[in-house]
Amino acid sequence: MLHFDVFTLFPTIFASPLQESILKRAQEMGRLSVALHDIRDYTTDKHHITDDYPYGGGGGMVMKPEPIFAAVEAVLAEALPETPVILLSPQGRLFNQAAARELAEHQRLALICGRYEGVDERVRQFLATDEISIGDYVLSGGELGAMVVVDAVTRLLPGVLGDPGAPFEDSHADGLLEYPHYTRPAEYRGYKVPSVLLSGHHAEVTRWRRQASLRRTFLRRPDLLARARLSEADRVFLRQLEEVGAQGGGG
Ligand code: SAH
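Residue numbers (the numbering used here): 270 to 520.
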């Protein structure tokens, strides 16, 4: 069971993604729970102000520290010391499958979503314990980033996906891109499914998939190969690809 506490100025952004498909089912199964906390509820001034002008001038607004500290401390209370408090930020460590696996080991995670020019630096320094970026681009708020983290982590929780082996075969699970998928019909507009997949020959299918996965990664993301878990047979196949230039499709 994994519980997320999400701190945001726009809690309704999360409604629809949490109410569909895998994330919905994970909650129904009791594997996932998500509590949305409106940072505005933790303001103490009459106008419920959550942002202010930046010291030093310049454009844009900065999210004030007080309501964010108050919200996180009130909600996490005694759980604060052992709960990772993750700030979504384009300056954080890059989120990837390894980071998702690591977060899936926890029982509780707090996510802070910034808006505007971002949050007061003291939130990052003295409240957050981790800072995560979902990619090298700038979003208008941390909510979609938080949703990406919730989604990627949840599908790794035991029992959430129908096929328990699926997360281990996915792209990035072992450092490679996954092989291509086909379903019926076997021929569509004259385009055929590779015959080996129809052969019923399990070992051949496994070998074809592994090679397709290696070929794809070699062609599209050679940077991944350096850190991938490879067998001796994989290495032999990759050397062949290097020599012949990866002909044979599947890329
Ligand atoms: N001025 C900031 C960007 C602010 S974007 C800077 O240049 O670093 C507003 C908010 O969107 C951020 O506080 C963060 O919570 C969220 N955000 C933007 N890009 C993101 C990314 N790549 N990953 C995660 N969160 C992001």
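Heads up, the beta-carbon is just placed ideally off N, CA and C, and yes, glycines get one too. The structure presented is a predicted model; accordingly, all values stated were derived computationally and were not measured.
Would you identify the three-state DSSP class for residue i, choosing helix, strand or coil?
i: ARG362; result: strand
i: MET416; result: helix
i: ARG377; result: strand
i: ASP399; result: strand
i: TYR451; result: coil
i: TYR311; result: helix
i: VAL474; result: helix
i: VAL462; result: coil
i: GLU289; result: coil
i: ILE355; result: strand
i: LEU349; result: helix
i: LEU446; result: coil
i: PRO433; result: coil
i: PRO427; result: coil
i: LEU372; result: helix
i: ARG490; result: coil
i: ARG496; result: coil
i: SER482; result: helix
i: ASP405; result: coil
i: ASP439; result: coil
Whose CA, out of the options, lies closest to the CA of residue i?
i: ARG300; options: TYR457, MET270, GLU335, GLU512; result: MET270
i: SER358; options: GLU386, PHE487, LEU378, ILE291; result: GLU386
i: ARG485; options: SER468, ARG391, GLU342, PHE506; result: PHE506
i: GLU511; options: ALA284, ARG498, PRO491, VAL341; result: PRO491
i: LYS461; options: HIS450, LEU493, VAL419; result: HIS450
i: LEU494; options: LYS333, VAL513, LEU445; result: LEU445
i: LEU372; options: SER409, ARG391, CYS382, THR352; result: THR352
i: LEU396; options: ALA455, GLU456, GLU342, VAL303; result: GLU342
i: ARG393; options: ARG489, GLN376, PRO334, GLY404; result: PRO334
i: ASP307; options: ARG479, PHE276, LEU426, ARG498; result: PHE276
i: VAL419; options: VAL465, VAL331, ILE355, ARG458; result: ILE355
i: PHE381; options: GLN366, TRP477, MET416; result: Checking the sequence, you will find Ile at residue 381 rather than Phe. Answer by Cα proximity: MET416.
i: SER500; options: SER464, ASP443, ARG453, TYR457; result: ASP443
i: GLU374; options: VAL422, TYR457, ALA472, ALA340; result: VAL422
i: ALA368; options: SER302, HIS441, ALA340, GLY431; result: HIS441
i: ARG362; options: HIS317, PRO463, ASP405, GLY431; result: ASP405
i: LEU430; options: ARG294, ALA455, ALA339, ASP389; result: ARG294
i: VAL388; options: VAL344, PHE338, LEU378; result: PHE338
i: ARG309; options: GLY414, GLU456, ARG384, ARG504; result: ARG384
i: PHE273; options: PRO436, ASP439, ALA304; result: ALA304
With a threshold of 16 other CB atoms inside 10 Å of the CB of residue i, please say whether the residue is buried or exposed.
i: SER482; result: buried
i: THR398; result: exposed
i: PHE487; result: buried
i: PRO336; result: buried
i: GLN360; result: exposed
i: ALA348; result: exposed
i: TYR448; result: buried
i: THR313; result: exposed
i: GLY411; result: buried
i: TYR311; result: buried
i: THR319; result: buried
i: GLY328; result: exposed
i: THR475; result: exposed
i: ALA502; result: exposed
i: SER285; result: exposed
i: LEU425; result: buried
i: MET332; result: buried
i: GLY459; result: exposed
Can residue i be considered in contact with the ligand SAM, in the sense that its beta carbon sits closer than 7 angstroms to one or more heavy atoms?
i: GLY387; result: The ligand SAM is not among the ligands present in this structure, which contains only the ligand SAH.
Determine which residues share a DSSP beta bridge with residue i and list them.
i: PHE276; result: HIS306, ILE381
i: VAL388; result: MET332
i: GLU456; result: LYS461
i: ASP321; result: VAL331
i: GLY410; result: ARG384
i: LEU271; result: LEU301
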